[in-house]
Every structure is written in C-alpha cells, then in structure tokens.
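Colleague:
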Amino acid sequence: MNEMGPAPAQVNAYRSLPDSTAYLFLDKASFDVFYALGTREVGGVFTPDTWEKWLASEDLPFIVTADTVDEVASEAGINSEGLKATIESYNADAPAGIDSAFNRPIASSIGEGPYYIIKMNLRYAHSYGGLIANENLEVLDWSETPIPGLYGTGQMLCSIQGRDNIAKPSTGTSFAYTSGRRAVLNALETF
Ligand SMILES: Cc1cc2nc3c(=O)[nH]c(=O)nc-3n(C[C@H](O)[C@H](O)[C@H](O)COP(=O)(O)OP(=O)(O)OC[C@H]3O[C@@H](n4cnc5c(N)ncnc54)[C@H](O)[C@@H]3O)c2cc1C
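For reference, each letter of the sequence shown is one residue, going 717 to 907 in our numbering.
#1: For a test of the three-state rule: what should DSSP assign to N902, helix, strand or coil?
#2: Which same chain residues end up closer than 6 Å to F778 when comparing Cβ atoms and leaving out the 5 residues on each side of it in sequence?
#3: Could you tell me how far apart the beta carbons of Y831 and D748 are, in whole angstroms, since I believe they sit closer than 8 Å?
#4: What are the partner residues of G741, as DSSP defines its beta bridges?
#5: What residue range is occupied by the uninterrupted beta strand (DSSP E) comprising Y867?
#6: Comparing alpha-carbon positions, which option in G888, E797, D783 lies nearest V842?
#7: In this structure, how does DSSP classify I803 when only helix, strand and coil are distinguished?
#8: What do you get for Y867, buried or exposed, if any count of 16 or more other CB atoms within 10 angstroms of its CB means buried?
This is the structure we're talking about:
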C-alpha cells in the first residue's frame, strides 16, 4: 500500500489481506529512525525498557528481529523468497525514487540488517460519520434545522475530519476540547 495515501485506501488495503494483517519491514537505517522517534522525550510512544520487553515477549506486540532477511522472515512466518523478491524490486526502483508496485516515494533503498518485522493491524482512531452541527455546535435535523438545546462536540460530529484524517494531526483531541468548551458557552448564552 501507499502509506502516504488517503486513510480509506489504506483501510481497504488492510482489509484485502489475510486476517487484515500487514507486516512492517525495517532495515537498520529505518529502524534507527523509528526507534529514535519512538523513544524521544516529547511525543515518544515507548521507552527503551518497554521496547526490550516487547522484543523478549512472545505476546503482542509482534516484533521479530534477525541479522539476515531469511532469518527474520522465518521468525515472522513469512515466505522469505517473496520478501527477497519484493526487496529486489523495491531496490531496483530506488534510483528513480518511485516504488512501481504502489506508486509511492522511495527515500532510500533497503540496506543492511539487522532487520525487523512488526505485525500491523487496523485500529479505530477517528469517526468519519456522525451528527451534523452548525457553527454554534447546535445539532441539525434532517431539514438542517437546529434541534433546540441539543449540542454536538468532538468525535460525534462528522465534519471535522472530513473524509480523511491523514496529515491533520491532533485534530481529534484539540477539536474535542475546543468544541466542548464552545458548546457549553453557547448553551449558557442561549438558555
Ligand atoms: C487509538 C487512538 C489513537 C488516537 N490518536 C489521536 C491522536 O494522535 N491525535 C488526536 O488528535 N486524536 C487522536 N485520537 C482521537 C481522539 O482520541 C478523539 O477524537 C477524542 O478523544 C474524542 O473526544 P470526545 O470527547 O469527542 O469523545 P471520547 O473521548 O470518546 O469521550 C466520550 C466519552 O463518553 C463516554 N460515554 C459514552 N456513552 C456514554 C453514556 N451513555 N453515558 C455516559 N458516558 C458515556 C465514554 O465512556 C467516553 O468517556 C485517537 C483515538 C484513538 C482511539
């Protein structure tokens, strides 16, 4: 899939896979960036200790590492010939900067190990549907008339994310806070 593409296309790509499961493959250079971002003090999502526990664990999250492509594929239960063919094709496309399989940009070719494979599944993060409100956060009925005294905020409103939340970080929580406050102030002014 093209990870830079619209979220709905990514969801559909996952759904087309067995068990809706994808595998993230990282060489050492990619892993170093992933790990540095993951463990950074502000905005990091795991600590070095947590990472070591995950690596040692047989349970989720599913992460395996090995020095060679064959070994890491075997650890992950993936066909290593298929993985090597994908790497070969990706690296052949690298000089042109576009992955011909998925029309996505390539920053650099896949290089040296150790290699990592992380299993990835879909998660719910945002609603793309819901109630419709006007600029005062009053919920509208089917005829687009405000329903007196009914306000909508945050995730229950469909409009804030549009059809695709990609490249709009923090719009979920920040809209929840601001719309909640604004709706209460509007209600106090009205009633
Ligand atoms: C895995 C994940 C990752 C996310 N990452 C990000 C991110 O990086 N950045 C970002 O901006 N947003 C992110 N979001 C989205 C963000 O968390 C939501 O948009 C935001 O929390 C919505 O806030 P809310 O107050 O509208 O709804 P919620 O946080 O869902 O609050 C609704 C509350 O109502 C309660 N409730 C439900 N029914 C009843 C009932 N009948 N009676 C009483 N209480 C009830 C629920 O228990 C809940 O506490 C993420 C969401 C998920 C799930």
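Just so you know, even glycine gets a beta-carbon here, dropped at the ideal spot from N, CA and C.
Modeller: A quick look at the data gives this:
#1: Helix.
#2: Within the same chain, F778 has close Cβ partners K835.
#3: 12 Å between Cβ atoms; not a contact.
#4: Before going on, a small fix: residue 741 reads as Phe here, not Gly. Under DSSP, F741 forms a beta bridge with I833.
#5: Under the DSSP assignment, Y867 falls in the beta strand (DSSP E) whose first and last residues are 862-867.
#6: It is worth fixing the name first, because residue 842 is His in this sequence and not Val. Selected option, being the one with the closest Cα: G888.
#7: Under the three-state reduction of DSSP output, I803 falls in the helix class.
#8: Answer is buried; the Cβ neighbour count reaches 16.
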